[in-house]
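Enquirer:
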Amino acid sequence: MTIVTEPQSWVLIGIFATIMLGGLTLSTNLIMRTVTASISGVEGRLEGKIDGLRAEMNARFDAMGTRIDHLDRDISAL
Numbered sequence: 004m005t006i007v008t009e010p011q012s013w014v015l016i017g018i019f020a021t022i023m024l025g026g027l028t029l030s031t032n033l034i035m036r037t038v039t040a041s042i043s044g045v046e047g048r049l050e051g052k053i054d055g056l057r058a059e060m061n062a063r064f065d066a067m068g069t070r071i072d073h074l075d076r077d078i079s080a081l
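Using the numbering used here, you'd call the opening residue of the sequence shown number 4 and step up by one each time.
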């Protein structure tokens, strides 16, 4: 059995810590990219739905404005 001297122990600890820190950094970056892409997709879909609702509401307001204009014209005719 080989006896590990003190400098060898510290080198192994340093290498292990470096590998663990590198793995943590890599996984953090990958998770952040995935989360950012997911949020961007949800944001795009939500923006599309809001734009659709905005168009529908504007169409309904225009229709109500037209109805009020016709009602005003009919009342003026009386």
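Idealized CB from N, CA, C, for every residue including glycine.
If you reduce the DSSP assignment to three classes, tell me which class Leu29 lands in.
Expert: helix
Enquirer: Helix or strand or just coil, what does DSSP make of Leu15?
Expert: helix
Enquirer: Please report how far the alpha carbon of Thr39 lies from the alpha carbon of Thr31, in whole angstroms.
Expert: Taking C-alpha positions only, Thr39 is separated from Thr31 by approximately 12 Å.
Enquirer: Does DSSP classify Thr39 as helix, strand or coil?
Expert: helix
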